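Please read the structure below before turning to the comments.
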Amino acid sequence: MIVSKYPHIKGINFDLPNVITAALILPGVEHVGGNMFDCIPHGDAILLKLVLHNWSDEHCVKILKNCYNVLPNEGKVIIVDIILPVNPEPTTRSKGTFIIDVMMMINFGGKERTKIEFEKLAN
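Numbering (my numbering), first residue to last: 25 to 147.
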C-alpha cells in the first residue's frame, strides 16, 4: 500500500457503505462510505483502480467530473485499468483482455477501452 511506504500520506478508501463495513482497519487509511455518482471525498490525488471498466462512457464522465470537482488545482486523477489494444496480437494476454471486455459489457454495461477512448473520457 502507498500509505505504508509513505506514512505522511493520508489515504481514503472510498466505496459503497456496505463494502466499507467489512474493510480492514489499516494505519493511515480512513474508510468512507458513499456513492461516487453523488460526491467523492476531497483529496490531492484520486486513484481509480479497475473502476471505469464497469461503466458506460456516460457514467465514466460523471465519475470523472465528480473527481475533478473535488481536486485542488494541481490535483491528479490516476486511472489504473486495462488498456484494450487497437491492433490485438494473437497472444493469451490479448485474448484475455477481450474476454474481460465482453464480460464487462454483459455483466455491467461497461467495457475495456483503448488509450484513445480513455483520453476522450478525460476531455
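C-beta: ideal position from N, C-alpha, C; glycine also.
Here the structure is a predicted model, which is why all the values come from computation and not from measurement.
Check your understanding: Do T121 and L108 have their C-beta atoms closer together than 8 Å?
Key -> In contact: T121 and L108 (Cβ atoms closer than 8 Å).
Review point. Is the stretch 31-41 touching the stretch 55-69 in the sense that three or more CB pairs, one from each, lie closer than 8 Å?
Key: Touching, yes.
Point to revise | chain B contact for I33 (CB, 8 Å cutoff) | key: No chain B appears in this structure, which consists of one protein chain only.
Check your understanding: Got a sec, what are the start and stop residues for the beta strand (DSSP E) A46 sits in?
Key -> Looking at the DSSP string, A46 is not in any beta strand (DSSP E), and its letter there is neither H nor E.
Check your understanding: When burial is assigned at 16 or more other CB atoms within 10 Å of the CB, is L76 buried or exposed?
Key -> Per the 10 Å Cβ criterion, buried.
Review point. Taking D105 as the reference, which of M129, G57, I49 and F142 has the closest Cα?
Key: Its Cα nearest to that of D105, the residue F142 stands out among M129, G57, I49 and F142.
Point to revise | Counted within 10 angstroms of its Cβ, other Cβ atoms place L72 as buried (16 or more) or exposed | key: Burial call: buried.
Review point. Does the distance from the CB of G52 to the CB of K34 come in under 8 Å?
Key: Yes; because the gap between Cβ atoms is below 8 Å, this pair is in contact.
Review point. Looking at the unbroken beta strand (DSSP E) that takes in L71, where does it start and where does it end?
Key: In this chain, the beta strand (DSSP E) harbouring L71 covers A69 to K73.
Exercise for review: Under the assumption that L145 contacts L88 (Cβ atoms under 8 Å), give the Cβ distance between them as a whole number of angstroms.
Suggested key: Between L88 and L145 the Cβ distance is about 6 Å, and since that is below 8 Å, they are a contact.
Check your understanding: In this structure, what does DSSP give as the bridge partners for F38?
Key -> DSSP output for F38 lists V56 as bridge partner(s).
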